[in-house]
Amino acid sequence: MNGTDYNYTDPLNISAAVIIIVLVIIGILSNISIIYIFIRSPSERTSFNIICVFRAISNIIILSWAFLATFLPITLVGTSPFTEFYETIVIAISNTLYSGIQNTGVYIALNRFCAMYLPLYYSKLFGFKVTFLITTLMFTYRLVKITFESFHFIGLECWMTFTAVELTWYPSMDDKCNEDSNSSSEINTSAIFLLVMTSLNIATFSKIYFFYKATDLDLKERKKKQKKNQALFLQTIIQDTITLVDMIFTFRLSLLSNQRIWTFFCGTVIWGCVHSFDGVIMVLFNERLTFLKKTFFGSSPNNSIVLPVSKPAVSVAPSGFPSRVD
Numbered sequence: 281m282n283g284t285d286y287n288y289t290d291p292l293n294i295s296a297a298v299i300i301i302v303l304v305i306i307g308i309l310s311n312i313s314i315i316y317i318f319i320r321s322p323s324e325r326t327s328f329n330i331i332c333v334f335r336a337i338s339n340i341i342i343l344s345w346a347f348l349a350t351f352l353p354i355t356l357v358g359t360s361p362f363t364e365f366y367e368t369i370v371i372a373i374s375n376t377l378y379s380g381i382q383n384t385g386v387y388i389a390l391n392r393f394c395a396m397y398l399p400l401y402y403s404k405l406f407g408f409k410v411t412f413l414i415t416t417l418m419f420t421y422r423l424v425k426i427t428f429e430s431f432h433f434i435g436l437e438c439w440m441t442f443t444a445v446e447l448t449w450y451p452s453m454d455d456k457c458n459e460d461s462n463s464s465s466e467i468n469t470s471a472i473f474l475l476v477m478t479s480l481n482i483a484t485f486s487k488i489y490f491f492y493k494a495t496d497l498d499l500k501e502r503k504k505k506q507k508k509n510q511a512l513f514l515q516t517i518i519q520d521t522i523t524l525v526d527m528i529f530t531f532r533l534s535l536l537s538n539q540r541i542w543t544f545f546c547g548t549v550i551w552g553c554v555h556s557f558d559g560v561i562m563v564l565f566n567e568r569l570t571f572l573k574k575t576f577f578g579s580s581p582n583n584s585i586v587l588p589v590s591k592p593a594v595s596v597a598p599s600g601f602p603s604r605v606d
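Reading the sequence shown from the start, the letters are residues 281 to 606 in my numbering.
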């Protein structure tokens, strides 16, 4: 069957289009909410929330540009109305933004670790301006890196394109395009990132638990602050878990079958869920946007980790071409 037969007349293609639209709507609305509340509410402009804003902007770009403006038309039309060069640029930039989001997970873990174990140095290492600068540099580095890599691969006519048949994107499989790729190294790098994040988060949570257990705060106040910090910890763990699930489907489970519905699920749905659910999670754990506020935060107006000192609490909060995870 020719690829042009796989279009809006095909049940799977039309179902895929609906799923893409739903993921995009949920993701864009939730991520825009994070940006909106950050701009409108001065109390939300914390070092943790500025990282969330960077994540939200990246999620919106990926969902709107790659999924809505590129993948959706190809899915419905059956053939690509775009050039291979354009599709490659879209997918490459989306991949590198994804890796930037992954890197922020490690940075958030370091942020909270420093807040609990090195509170005297926190304002110097993880203040708002410092966090903004470092996060900007992380994403700038990623974009510059992928720009140079793209020049190299595009010069070899090594493309990344989305297909309406498998309903996912693929890199060129020519030998000249695979000479610099090292998927095992990419998987190992991502595994190291997740291991570092998990270790830092466990250490931070342990400090939170034993600090409040030993403190002289009254029981009600202690429980309220402990729930607040547990919620921040839980948010990070959920976001990291989603990234891990995406890695498993991308590098392992996707190899189990070549069926169209499976390639679509592993390559497109899971990837879209990462950026859509990331926004939803940030909304659910944002004090000013969520019905969970009373459960986790009481009436406190600030999304902050409580430092183990007498000072006021301070807010705390990888992609090689052509792979999505670096």
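Glycine residues also receive a C-beta, built at the ideal position from the N, C-alpha and C atoms.
- Just reading off the beta strand (DSSP E) that P451 is part of, what are its end residues? T448 to P451
- Straight-line gap, F276 to D526 (C-alpha atoms, nearest Å): For residue 276 there is no data in the structure shown, the boundaries of the chain being 281 and 606.
- Go through its chain and collect everything with a Cβ distance to L693's Cβ below 7 angstroms, but skip five positions before and after it. The structure shown does not extend to residue 693, since the chain is modelled only from 281 to 606, so the question has no answer here.
- Just tell me which of T443, Q510 and L436 has its CA closest to the CA of S361. The sequence shown places Pro at residue 361, not Ser. Among T443, Q510 and L436, the Cα nearest to that of P361 is on T443.
- Under the three-state DSSP convention, the category T363 falls into: coil
- Since T415 is in the alpha helix (DSSP H), which residue starts that stretch and which ends it? F408 to G435
- If we count Cβ pairs, one from each stretch, closer than 8 angstroms, do we get three or more for the segment 293 to 301 versus the segment 343 to 360? yes
- Query: Apart from the five residues on each side of it in sequence, which residues of its chain come closer than 7 angstroms, Cβ to Cβ, to S321?
  - Reply: R568
- Thinking C-beta only, is N329 closer than 8 angstroms to G307? no
- Query: Do the segment 553 to 565 and the segment 298 to 315 meet, that is, are 3 or more Cβ pairs less than 8 angstroms apart?
  - Reply: yes
- Message: Between F406 and chain B, is the shortest Cβ-Cβ distance under 8 angstroms, so that the two count as touching?
- Response: Absence of chain B from the displayed structure is noted, only one protein chain being present.
- Message: Give me the residue from I522, V302 and I317 with the minimum Cα distance to I381.
- Response: I522
- Query: In terms of alpha-carbon separation, which member of K456, T420, N383 and W551 lies closest to V476?
  - Reply: N383
- Task: Please report the residue range of the alpha helix (DSSP H) in which F442 lies.
- Result: Note, F442: premise wrong, no alpha helix (DSSP H); beta strand (DSSP E) at M440 to T443.
- Thinking C-beta only, is L377 closer than 8 angstroms to I331? no
- Item | Which listed residue (L535, L447 and L512) has its alpha carbon closest to that of L352 | L447
- Can you tell me whether G385 is buried or exposed, with buried defined as 16 or more other CB within 10 angstroms of its CB? buried
- Is it right to say T415 is buried, meaning 16 or more other beta carbons lie within 10 angstroms of its own, or is it exposed? buried
- Secondary structure at E567, three-state DSSP: helix, strand or coil? coil
- With DSSP collapsed to three states, give me the class of D285. helix
- Message: Helix, strand or coil for S534? Go by DSSP, reduced to three states.
- Response: helix
- Query: What is the rounded straight-line gap between the Cα of V302 and the Cα of I373?
  - Reply: 22 angstroms
- Message: Going by DSSP in three states, S295 sits in which element: helix, strand or coil?
- Response: helix
- Query: Applying the criterion that 16 or more other CB atoms from any shown protein chain within 10 Å of the CB defines a buried residue, is V298 buried or exposed?
  - Reply: exposed
- Message: Quick check: what's the CA-CA separation for Y397 versus Y421?
- Response: 29 angstroms
- Task: Assuming I314 contacts V554 (C-beta within less than 8 angstroms), just tell me the rounded distance between them.
- Result: Not confirmed; about 16 angstroms, so no contact.
- Query: Which of the three DSSP states, helix, strand or coil, is assigned to I300?
  - Reply: helix
- Query: Roughly how many angstroms lie between the CA atoms of V304 and G552, to the nearest whole one?
  - Reply: 8 angstroms
- Message: Quick check: the Cα distance between I434 and I371, rounded to an integer number of angstroms?
- Response: 13 angstroms
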